[in-house]
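According to this note's numbering, the stretch in the sequence shown is residues 276 to 699, in order.
Here the structure is laid out as structure tokens; the discussion comes afterwards.
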Amino acid sequence: MKLKRIVLGVTGGVAAYKAAELARLLVKDGIDVQVVMSAAARHFVGAATFQAITGHPVFSDLWDERVVDTPPDPALPAGSPPEGAKKHLGRPGAFLVSGMAHIDLTRGADAILVAPASADFLAKLVHGRADDLLSTLCLARDCPLLVAPAMNRQMWEAPATRRNVAQLSSDGVTVLGPDSGEQACGEVGFGRMLEPDALLDALEARFQPKRFAGLKVVITAGPTFEAIDAVRGLTNPSSGKMGYAVARAALEAGAEVTLISGRTCLPPPRDARFMPVVSAQDMLTVVESVVDDADIFISVAAVADYYVLNPSEQKIKKDAHILTLELAPNPDILAGISSREKPPFCVGFAAESENIEEYAELKRRRKHLPLIVANDVKEAVGSDSVRLILLDEAGRHVLEKADKQTQARLLVAHIAELYNTRYQ
Ligand SMILES: Cc1cc2nc3c(=O)[nH]c(=O)nc-3n(C[C@H](O)[C@H](O)[C@H](O)COP(=O)(O)O)c2cc1C
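See below:
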């Protein structure tokens, strides 16, 4: 589901300054954002910042007057004053309205996200308090509520906060984070608000359909590295971005995910079981140790086809001679898994530099895969966006160029469809 409109609640904590970046990311993502601040939040960051970023006036007070740009009743002709309108503002269709902000602001919203959520605000939510606009909106909502706590580590660890967070979770509120790390007060521990990009991801994840609910998915990602000597090796420029995006999309879809990854610079997805490896042989060993009870195996890793026979334990010294490396073929991890008697549902990736679809389809048939994802090596490796061609028994399905997270979500939807047709 694509989020269209959210109410972003900002409460009184130092992390309120990060809410401005969060608002910017949400707007950039095409989401209409209405900011509601607690009175304390206004001590930390100015409403004008949010107003400029979101293009909407910011509300704080239950008794605020609001600017309404279009009549709320579509039955009325455009330009008619909405109910409760006090004053026409001169701009076509813009009226000053007072009254039901505590209900109206969340009508039509897909979610309320409170970030940062102060310890005080969590306590208020638990007790169903409604003594300011934001808490009243939360109580009167008919959409999901997500909170991103941010506070000093002792406030977070306090028994009252622990009780409050447990209660909110059991009331169906989604609690995002917090993270651990250095805090504004100089202490180190749990209580830091998740970073704005992580909050955006978590928000979007919350609204993805749970197509993989109850399924175990094993994913390989990144490059492998075959040692030549103590410091050098054969590898490739795979960044791991596609495999990590697939892991995130599978998590969002409700799967239990194991991500087996060669060396990359990426942070592993928070909720995946993460198993780092170096060489193709390592990857094979780890895949075999976990794949037995997997429902789906997605091989995204760029596995080296060859390894170096007899790598030197010490760094090879430079001299004027030609150095000859002897290479031997690596095991084909995907073919090994897909040729098992009872294989998981296997999905391969084929990055080719020529005859992309033809070579990918040959690979799919040779390895007996229900689905292979073909992409152009020049465009795909290391980049943030890519065009994918999904090849299966029914033919080809083109996913026009888009960012890798979007592609990963579409791929997960396609896999779920094939998986359900086959097994349900
Ligand atoms: C400088 C300063 C920093 C604060 N930082 C936090 C914080 O990070 N998290 C928190 O829960 N409370 C923090 N507080 C306390 C809240 O601002 C206070 O509990 C306030 O009543 C919260 O109101 P609200 O929940 O309506 O926004 C801080 C207070 C001050 C003065």
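Backbone N, C-alpha and C define an ideal beta-carbon position, used for all residues, glycine too.
It should be emphasised that the depicted structure is a prediction, and the values quoted were computed from it without experimental measurement.
{"query": "With a cut-off of 8 Å, do at least 3 Cβ pairs link the region 637-647 to the region 588-598?", "result": "no"}
{"query": "Would residue 578 pass as a contact of residue 558 if the rule is Cβ separation under 8 Å?", "result": "yes"}
{"query": "Under a CB-based cut-off of 8 Å, is residue 617 close to chain C?", "result": "No chain C is part of this structure, which consists of one protein chain only."}
{"query": "Could you have a look at residue 404 and say whether DSSP puts it in helix, strand or coil?", "result": "coil"}
{"query": "To the nearest angstrom, how far is the alpha carbon of residue 450 from that of residue 561?", "result": "33 Å"}
{"query": "Using 8 Å for Cβ pairs, my map puts residue 283 next to residue 297. What's the rounded Cβ distance?", "result": "7 Å"}
{"query": "Considering only their Cβ atoms, is the gap separating residue 528 from residue 680 smaller than 8 Å?", "result": "no"}
{"query": "Is residue 687 near ligand 1, judged by its Cβ being under 7 Å from some heavy atom?", "result": "no"}
{"query": "Between residue 395 and ligand 1, is the CB less than 7 Å from at least one heavy atom?", "result": "yes"}
{"query": "Would you check whether ligand 1 has a heavy atom nearer than 7 Å to the C-beta of residue 313?", "result": "yes"}
{"query": "With 16 as the cutoff for other CB atoms within 10 Å, does residue 698 come out buried or exposed?", "result": "exposed"}
{"query": "Determine, using beta carbons only, whether residue 464 and residue 497 come nearer to each other than 8 Å.", "result": "no"}
{"query": "If you draw a straight line from the C-alpha of residue 547 to the C-alpha of residue 534, how long is it?", "result": "6 Å"}
{"query": "If you drop the 5 nearest sequence neighbours on each side, which residues of the same chain put their C-beta closer than 8 Å to that of residue 227?", "result": "Beyond the ends of the chain as shown, which are 276 and 699, falls residue 227; an answer cannot be given."}
{"query": "Per DSSP, which residues does residue 388 bridge with? Please list them.", "result": "283 and 421"}
{"query": "Using 8 Å as the Cβ pair cut-off and three pairs as the minimum, do the region 319-339 and the region 423-441 touch?", "result": "no"}
{"query": "Sort out for me which residues DSSP pairs residue 309 with in a bridge.", "result": "282"}
{"query": "Which residues in the same chain as residue 663 place their Cβ atom closer than 6 Å to its Cβ, once the five residues preceding and following it in sequence are excluded?", "result": "648, 650, 674 and 682"}
{"query": "What number of angstroms, rounded off, separates the C-alpha of residue 255 from the C-alpha of residue 581?", "result": "Here the chain has residues from 276 to 699 only, and residue 255 is not among them."}
{"query": "Grouping DSSP H, G and I as helix and E and B as strand, with all else coil, what is residue 277?", "result": "coil"}
{"query": "Roughly how many whole angstroms lie between the Cα atoms of residue 330 and residue 671?", "result": "42 Å"}
{"query": "Taking the straight line between their C-alpha atoms, what separation do you get for residue 677 and residue 659?", "result": "8 Å"}
{"query": "Is any heavy atom in ligand 1 found nearer than 7 Å to the beta carbon of residue 426?", "result": "yes"}
{"query": "Alpha carbon to alpha carbon, what distance is there between residue 415 and residue 568?", "result": "44 Å"}
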